[in-house]
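Only one structure is covered here, and it is reproduced in the block below.
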Amino acid sequence: MRDLAVIDIGGTTIKFAAWKNNELLDVHAVDTPKSLDEFYAILEHETNDFKKKYDVEGVAISSPGAVNKKTGVIEGASALPYIHNFKIEQELERRFQLPVSIENDANCAALAELAEGAGRDCQNMIFIIIGTGVGGSVIMNRKVWHGTHLFGGEFGYMATASRMTLSQAASPVSMAKRYNEETGKNVDGKTVFDLADQGDAAARFQVDQMAESLGGAIYNLQHSFDPEKFILGGAVSNNPKLVPILNEAVETIRNRADIATLKPVIETCVYRGNANLRGAVVDFEQTYPED
0 MRDLAVIDIG GTTIKFAAWK NNELLDVHAV DTPKSLDEFY AILEHETNDF
50 KKKYDVEGVA ISSPGAVNKK TGVIEGASAL PYIHNFKIEQ ELERRFQLPV
100 SIENDANCAA LAELAEGAGR DCQNMIFIII GTGVGGSVIM NRKVWHGTHL
150 FGGEFGYMAT ASRMTLSQAA SPVSMAKRYN EETGKNVDGK TVFDLADQGD
200 AAARFQVDQM AESLGGAIYN LQHSFDPEKF ILGGAVSNNP KLVPILNEAV
250 ETIRNRADIA TLKPVIETCV YRGNANLRGA VVDFEQTYPE D
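In terms of numbering that gives the first Met the number 0, the sequence shown opens at residue 0 and continues consecutively.
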């Protein structure tokens, strides 16, 4: 088992950890810098510190954006424009003098679940992150399926029966916004769930619409990719009401479709705060397998 320096790049903070003996150690965070030069300086400083304490043999990185594993370029866009559209992986390898792996943060979260979380017994699974939008990852044969254009797992673009995208229809943030616009209130998504349970008709409509849209997506993905399991992440996955209402929504669709024989297995994620760090380690081990 190799010692690694592990990095999770976020828009607000960058997390660092050492990986040793199948454990994340020395986990800490620093504020995300404003420029590429500062970014390099912080990553080099932290990695050099780990080199003094551990026998570091590589650097595993979780990053926002569409990571092209073939070219070492972070494509797409994120809150950190300075990390995009050049061969950043090769530049970091030159600076660290170590092998580097970079993977998208949602894919890393999925890989963490695959390694030691809710997907540890799965060969094929779908990980859905529900937050400001809807995203996630497709795992096939225990590896990330990136897709031809790096759009594997971009479930938020899917069209729904409500004529909204899945991100618009199923995000708790969007759900709360629609409820607030209709009622003149100012509440968050969790409160909308609570109000629906209390008999608020407007809240019930929004929760039902969210469940119908996300349940429809899960039904469609089950019958196209046929995963063993769906794992849900994001803050809303902490809500114990989520999985039951999604199971109910999927069952409603199955009852309408005579040929629907598959019943999706839906669970919530195990990993929380350090999921991206743990998944970055899995990605490094898959990128640079030991002999």
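Cβ atoms here follow ideal geometry from the backbone N, Cα and C, with glycine treated the same way.
Nearest-angstrom beta carbon gap, residue j and residue i [assumed within contact, 8 Å]
i	j	result
N275	D104	5 Å
A175	G215	Contact flag wrong, Cβ pair sits at about 21 Å.
I8	V58	Incorrect: roughly 12 Å between the Cβ atoms, too far for contact.
F229	V206	With a Cβ gap of about 19 Å, F229 and V206 do not count as contacting.
D282	E102	4 Å
A117	I138	About 12 Å; that fails the 8 Å criterion.
V235	I129	5 Å
F95	T147	Not confirmed; about 31 Å, so no contact.
A111	Y287	18 Å between Cβ atoms; not a contact.
C107	G272	In fact, because the Cβ distance is near 13 Å, the residues do not count as touching under 8 Å.
L231	L220	Not quite, the Cβ-Cβ distance comes to about 12 Å (not below 8 Å), so this is no contact.
I378	F224	Outside the displayed range of the chain (0 to 290) lies residue 378, so it cannot be described from this structure.
Q152	S173	Note on residue identity: the sequence assigns Gly, not Gln, to residue 152. Rounded, the Cβ-Cβ distance is 19 Å, inconsistent with contact.
A169	S212	5 Å
I265	N246	6 Å
Nonlocal neighbours in the same chain, by C-beta distance under 7 Å from residue i, ignoring five residues either side
i	result
H27	F15
G155	G132, V133, G134, T164, L165, S166
N67	E74, L149
F85	V72
A201	Y178, E181, T182
K189	N238
N21	M0
I60	I6, I8, V99, S100, I101, A279
For residue i, three-class secondary structure by DSSP
i	result
T46	helix
V264	coil
S62	strand
V249	helix
T286	helix
I8	strand
D257	coil
G215	helix
E22	coil
E37	helix
D327	Given a span of 0 to 290 for the chain in the structure shown, any question on residue 327 remains unanswerable.
G278	helix
L28	Correcting the residue type first, residue 28 is Ala in the shown sequence and not Leu. A28: strand per DSSP, three-state reduction.
Residue i - partner residues in DSSP beta bridges
i	result
E112	Its beta-bridge partners do not exist; DSSP assigns none.
G232	I128
L3	W18
V242	BP columns for V242 are empty, so no partner.
A55	In the sequence as presented, Ala is not what sits at residue 55; that position holds Val. Per DSSP, D2.
Close-in-space but distant-in-sequence residues of the same chain around residue i (CB under 6 Å, 5 per side omitted)
i	result
A78	G10
W18	L3, V5, V280
Y218	V249, I252
V55	D2, A4, F49
P98	G57, Y287
I244	A210
I13	V29, T31
L91	V99
Own chain residues within Cβ distance below 8 Å of residue i, not counting five before or after
i	result
Q76	Checking the sequence, you will find Ala at residue 76 rather than Gln. G64, H83.
E43	R94, F95
N140	Q122, N123
D25	F15, A16, A17, F49, K52
- Message: List, from N- to C-terminal side, the alpha helix (DSSP H) runs of 4 residues or more that fit wholly inside the stretch 119-197.
- Response: Complete alpha helix (DSSP H) runs here, min 4: 165-169, 171-182, 188-196.
- Message: Runs of 3 residues minimum, wholly inside the stretch 68-111: which ones carry the beta strand (DSSP E) assignment?
- Response: Runs of the beta strand (DSSP E) lying entirely within the stretch 68-111 and spanning at least 3 residues, in chain order: 72-74, 99-103.
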